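To start, the structure under review is shown below, and the notes come after it.
In full-length UniProt numbering, the protein residues as written are 1 to 169.
Below, the structure written as structure tokens:
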């Protein structure tokens, strides 16, 4: 009987351990986990940004931060499988005074200019070409003055979901 009590006491002492509580993270079914990848910098004068768009009309990031005057090298990759005519994506950076809804509506009728409306070119700082599934495009531009800018996809109707903030510090 004494041996049984000693074994029980030993097991109890070992199992109590350091009494740390486990931190649980609940993830509901259907929830997508989004990893916001910050701009990678090779040096103070250049920011390298890799962004993706998918067949669910989502970019993998909704915020990008760079420094004013930095050379920005941005690569957009369409990680979906649908064709450009069905689920095309681009990445367009708008000027601060641009109205995203107005640009988005005008873009919907600009198929002949890759959904960049010719009469609104002054509202764009930079943009990639329109891409279909599996395609990618890289652009380079200088970051504008400090402030918060909007980026979006100009394919018809996509700007409602495919948009984000481009923050220049």
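The C-beta atom is built at its ideal place from N, Cα and C for all residues, glycine as well.
Remember, predicted model here, so these are calculated numbers, not experimental data.
Asked, Found
"Give me the DSSP bridge partner(s) of residue 139.", "74"
"For residue 200, collect the residues of the same chain with a Cβ closer than 7 angstroms to its Cβ; drop the 5 residues on either side in sequence, then sort them by chain order.", "Past the boundaries of the shown model lies residue 200; the chain is included only from 1 to 169, so the question cannot be answered."
"Would you decide whether residue 165 is buried or exposed? Buried here means 16 or more other CB atoms lie within 10 Å of its CB.", "exposed"
"Buried or exposed for residue 96, going by 16 or more other Cβ atoms inside 10 Å?", "exposed"
"Can you give me the start and stop residues for the alpha helix (DSSP H) that residue 102 sits inside?", "100 to 107"
"Nearest-angstrom Cα distance between residue 143 and residue 89?", "22 angstroms"
"Can you grab the Cα-Cα spacing for the pair residue 134 / residue 52, in whole Å?", "10 angstroms"
"Please confirm if the segment 151 to 158 is in contact with the segment 108 to 115, defined as three or more CB-CB distances below 8 angstroms between the two stretches.", "yes"
"Does the Cβ of residue 146 have 16 or more other Cβ atoms within 10 Å, making it buried, or fewer, making it exposed?", "exposed"
"Give me, in chain order, the residues of the same chain whose beta-carbon lies closer than 8 angstroms to that of residue 82; leave out the 5 immediate sequence neighbours on both sides.", "55, 132 and 133"
"Taking 8 angstroms as the cut-off, decide whether the C-beta atoms of residue 65 and residue 140 are in contact.", "no"
"DSSP three-state call for residue 52: helix, strand or coil?", "strand"
"From what residue to what residue does the alpha helix (DSSP H) around residue 84 run?", "84 to 87"
"Which same chain residues end up closer than 7 angstroms to residue 161 when comparing Cβ atoms and leaving out the 5 residues on each side of it in sequence?", "57 and 58"
"Just tell me which of 152, 148, 136 and 60 has its CA closest to the CA of residue 76.", "136"
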